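Residue numbers (the numbering used here), protein chains in the order written: chain P, 25 to 273; chain F, 25 to 273; chain Z, 25 to 273.
Below is one structure, written out as structure tokens, with a few remarks after it.
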Amino acid sequence: MIYMAIVKSIKENVVYLTITNPEKLNSLEPEDWGVMTSQLKEYESGNERFLVIRGDGDNFSTGAQLSTDTVSLMSDVTNMAKTLWSLNKPVIALVDGLIVGAATNLALMCDFIICSNETKFIEIFAKRGLVIDFGGGWLLPRLVGLKNTNRLALLADSIDSKQLVELGLVYKSVEKSDIDVELNNLIKELNAVSYNSICQMKKMIRAGLEMSMDDYLDLENNVQLKAFEHPDGIEGAMSFLEKRKPDFK
Amino acid sequence: MIYMAIVKSIKENVVYLTITNPEKLNSLEPEDWGVMTSQLKEYESGNERFLVIRGDGDNFSTGAQLSTDTVSLMSDVTNMAKTLWSLNKPVIALVDGLIVGAATNLALMCDFIICSNETKFIEIFAKRGLVIDFGGGWLLPRLVGLKNTNRLALLADSIDSKQLVELGLVYKSVEKSDIDVELNNLIKELNAVSYNSICQMKKMIRAGLEMSMDDYLDLENNVQLKAFEHPDGIEGAMSFLEKRKPDFK
Amino acid sequence: MIYMAIVKSIKENVVYLTITNPEKLNSLEPEDWGVMTSQLKEYESGNERFLVIRGDGDNFSTGAQLSTDTVSLMSDVTNMAKTLWSLNKPVIALVDGLIVGAATNLALMCDFIICSNETKFIEIFAKRGLVIDFGGGWLLPRLVGLKNTNRLALLADSIDSKQLVELGLVYKSVEKSDIDVELNNLIKELNAVSYNSICQMKKMIRAGLEMSMDDYLDLENNVQLKAFEHPDGIEGAMSFLEKRKPDFK
């Protein structure tokens, strides 16, 4: 049984995890982290192709609730971050309204963020006497450089959807009412390319962040050789020769 | 006694180091590097909370003066760069007019740069037959990517405040006459958040540049647990529960 | 003798390698990779100072042709990528029209890209069931961050010259008819600075991508000491003292 604050639903090949605690601005209860971790693992080993994480109602999430057992809490947060980072299957964050604290970095760790124009994004930690968590201090410098990281993390500046676009943090920013339309467009785009390509590239690119160029080129060589022999690689070659659109399974 | 080209002053909780050699465009004498290194260490171990580095008059600094003893010079430059990079306490560069050579990278290594609209920034090295120093060749690719780094370092292009903003290298660019006002705003912002958060995040984020995500997440876990028990973490939680602004010491 | 699809010419101190297979949109035959690798090595050890890679006619290149011997193909692609990445001498890509697949990442590995306003850039791999190669999955996150990398690589989005400029991937985008004028301007700029500085910085900056800041600062120290004693460093100092433009050899 799934703890009710994290509501799971499946539609076609997409799993939706909806943070459902709207009266508390979708803040995450201590139990939620473990539930989400289990859900991530279930998605990775399951048959669905896409995972969408979103918030119920008008806010994405305001991050972790206070807990008296901080050791357990941080262990669960860290564990979820490691799990999310390790997924080879794609993850999309749909962001609207408040996105605060650990929730910001949870979304940044997803492959694509679609946000509404009513998004308000705050790395709130410095205003709570805490430090940036959920891997944000590792990821942000690699997304927006060290100078922008300082502004976001050290000053805990609030930024809006326009600034998120300028910083290159979101895939697209749309009107609040268009967010599901845009999600469908993105999933349609993702369905048009090879799913094996997506997963293999995601894995390879993340590995590359921690390797030398030379070691990476050897890895790339091996992954590409397997891709050539995968049904998608064969269909890619066939469709190219036959001058038609590929039909990946 | 402080060598007079580097003038130190303290106002409230801010240390100011002013490069004071205006008739030589605030270029740095061979002795200045060691003096600044000592000052950085004194700041790190002292009671003041913020360090501001600026130039006297209309220019920030035109970098290192020529020296006959290049071995000593480079040893001192390298030593200052390592020291500045190792500081956990925040450093702000106030930039106006010419900022050239090693001075550019000294400023880039600071956490925040406020520049005036009359700033002229040049990684001059290639025009002197030298290579980019003070860590600039390591830092620039992590700030603006490799392509922009090539333009700045290999071509020694001069760029102005508008381009510095576009590249995301400065926190803010303001009218020359507003630079001190903007500094006060920034320090006010910094004073409003937890000082422990700032220093711990600064340390953690820099460490993260040289770690794998997984190792970083373990580090983050430990730092966050200590932050929860720090007076600022306790005040952060209390103020949140009591729905009031935190009053960090 | 050079395989005719890669046409080499030399003008003054510039080597031009022109991909010449226009009826096949300048796609690269299996033999071309080895030929280019040899040419890169010849350039690195030769007397010319600049290498320009371009396509014949209206397109840069559409990347690798299909091959039945994928093991050989990938070995040759990987070998060329390692060789191009290892060059200390500067390389410029002149890009027009279609630039697709491995050709995109070949160009991104060059130090400067000048593109025409008719450029169409596609990391096509996911549409062929393959993975991004020629080091693109390592380089792109370091050029444009992970979020933009996902859009380019996972979605195989086509982007134009305007977007290439916005992403900071190209040195300049110009009218198709001005591309050679702009190349001449760039080479003139490069000829005005120290060639030793360019090569030493290029080597040092790439090494820095795989080192800690502290180790890099030690490397920088050593490279700078040698630069001071190089004829260009001496001329740089002399010209500065004599208040004249340097005359680097």
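All C-beta atoms in this analysis are idealised placements derived from N, C-alpha and C, irrespective of residue type, glycine included.
Because the structure is a prediction, the values reported are computed rather than measured.
Query - residue 174 of chain F, buried or exposed, once every other Cβ within 10 Å from all chains shown has been counted against 16 - result: buried
Query raised in the report: Going by Cα to Cα distance, which pick from F/142, F/66, F/257 and F/50 is closest to residue 38 of chain F?
Result: F/66
Query raised in the report: Closest by CA to residue 187 of chain F, which one among F/150, F/159, F/163 and F/142?
Result: F/142
Query raised in the report: Taking a cut of 7 angstroms between CB atoms, which residues from the region 228 to 262 of chain P lie near chain F?
Result: 234
Query raised in the report: Between Z/238, Z/88, Z/104 and Z/138, which lies nearest to residue 281 of chain F when the distance is taken from Cα to Cα?
Result: What is shown of chain F runs 25 to 273, which leaves residue 281 of chain F out entirely.
Report task. Drop a sphere of 10 angstroms on the beta-carbon of residue 33 of chain Z, count the other beta-carbons inside from all chains shown, and report buried for 16 or more, exposed for fewer. Result -> exposed
Query raised in the report: Whole-angstrom Cβ separation of residue 121 of chain F and residue 93 of chain F, contact assumed at under 8 angstroms?
Result: At roughly 29 angstroms, the Cβ-Cβ gap does not stay under 8 angstroms, so residue 121 of chain F and residue 93 of chain F are not in contact.
Requested in this report: Please check the pair residue 166 of chain F and residue 64 of chain F, which I expect to be a contact at CB under 8 angstroms, by giving their CB distance rounded to whole angstroms.
Outcome: At roughly 21 angstroms, the Cβ-Cβ gap does not stay under 8 angstroms, so residue 166 of chain F and residue 64 of chain F are not in contact.
Query raised in the report: What is the residue span of the beta strand (DSSP E) that residue 74 of chain F lies within?
Result: 74 to 79
Requested in this report: Leaving aside the five residues before and after residue 91 of chain P along the sequence, list all residues of the same chain whose C-beta is less than 6 angstroms from its C-beta, in chain order.
Outcome: 54 and 97
Query raised in the report: Along chain Z, in chain order, which residues have C-beta atoms closer than 7 angstroms to that of residue 206 of chain P?
Result: What residue 206 of chain P touches in chain Z: nothing, since even the nearest Cβ is about 13 angstroms away.
Query raised in the report: Does the beta-carbon of residue 78 of chain P have 16 or more other beta-carbons within 10 angstroms, so that it is buried, or is it exposed?
Result: buried
Query raised in the report: Rounded to a whole number of angstroms, what is the C-alpha to C-alpha distance between residue 159 of chain Z and residue 248 of chain P?
Result: 12 angstroms
Query - Three-way DSSP call (helix, strand, coil) for residue 202 of chain P in this model - result: helix
Report task. Tell me whether residue 46 of chain P is buried or exposed, calling it buried when 16 or more other Cβ atoms sit within 10 Å of its Cβ. Result -> exposed
Query raised in the report: For chain Z, is any of its Cβ atoms less than 7 angstroms away from the one on residue 197 of chain P?
Result: no
Query raised in the report: If the cut is a Cβ gap below 7 angstroms, which residues of chain Z does residue 213 of chain P touch?
Result: 179
Query raised in the report: With distances taken between CB atoms, is the gap from residue 105 of chain Z to residue 241 of chain P smaller than 7 angstroms?
Result: yes
Requested in this report: Give the straight-line distance between the Cα atoms of residue 58 of chain F and residue 222 of chain P, rounded to the nearest whole angstrom.
Outcome: 52 angstroms
Requested in this report: Select from F/87, F/151 and F/164 the residue whose C-alpha is nearest the C-alpha of residue 257 of chain Z.
Outcome: F/151
Report task. Just the chain F side, please: which residues come within less than 9 angstroms of residue 135 of chain Z by C-beta, in chain order? Result -> 170, 171, 174 and 178
Query raised in the report: Would residue 172 of chain Z pass as a contact of residue 169 of chain P if the rule is Cβ separation under 7 angstroms?
Result: no
Requested in this report: Return the first residue and the last residue of the beta strand (DSSP E) that residue 42 of chain P is part of.
Outcome: 38 to 43
Query - CA nearest to the CA of residue 164 of chain F, picked from F/134, F/62, F/144 and F/140 - result: F/134
Query - Distance between residue 101 of chain P and residue 127 of chain P (C-alpha atoms, nearest Å) - result: 11 angstroms
Query raised in the report: Hey, residue 259 of chain P and residue 271 of chain P are a contact pair by Cβ (cut 8 angstroms); roughly how many whole angstroms apart?
Result: 6 angstroms
Query - Counterpart residues of residue 33 of chain Z in DSSP-defined beta bridges - result: Z/40
Requested in this report: Report the rounded CA-to-CA distance for residue 261 of chain F versus residue 113 of chain P, giving the unit in angstroms.
Outcome: 36 angstroms
Report task. Would you mind reading off the limits of the beta strand (DSSP E) that contains residue 144 of chain Z? Result -> 144 to 146
Report task. Please report the Cβ distance between residue 177 of chain F and residue 229 of chain Z, rounded to the nearest whole angstrom; I am assuming they are in contact, meaning their Cβ atoms lie under 8 angstroms. Result -> 7 angstroms
Query raised in the report: Name the residues in the region 105 to 133 of chain P whose C-beta lies less than 9 angstroms from a C-beta of chain Z; which are they?
Result: 114 and 132
**Report entry** Min CB distance residue 217 of chain F to chain P below 7 angstroms
**Finding:** yes
Query - Option nearest residue 245 of chain Z by Cα separation, candidates Z/255, Z/224, Z/263 and Z/268 - result: Z/224
Query raised in the report: Leaving out five residues before and five after residue 26 of chain P in sequence, what residues of the same chain have Cβ atoms less than 7 angstroms from its Cβ?
Result: Bear in mind that the predicted position of residue 26 of chain P carries a pLDDT of just 49, short of 50, making it unreliable; the figure below should be weighed with that in mind. Excluding sequence neighbours, residue 26 of chain P sits near 32 and 59.
Query raised in the report: Would you say residue 156 of chain Z reaches chain F, if we count a Cβ-Cβ gap shorter than 7 angstroms as a contact?
Result: no
Query raised in the report: Quick one: is residue 192 of chain F near chain P, going by C-beta distance under 7 angstroms?
Result: yes
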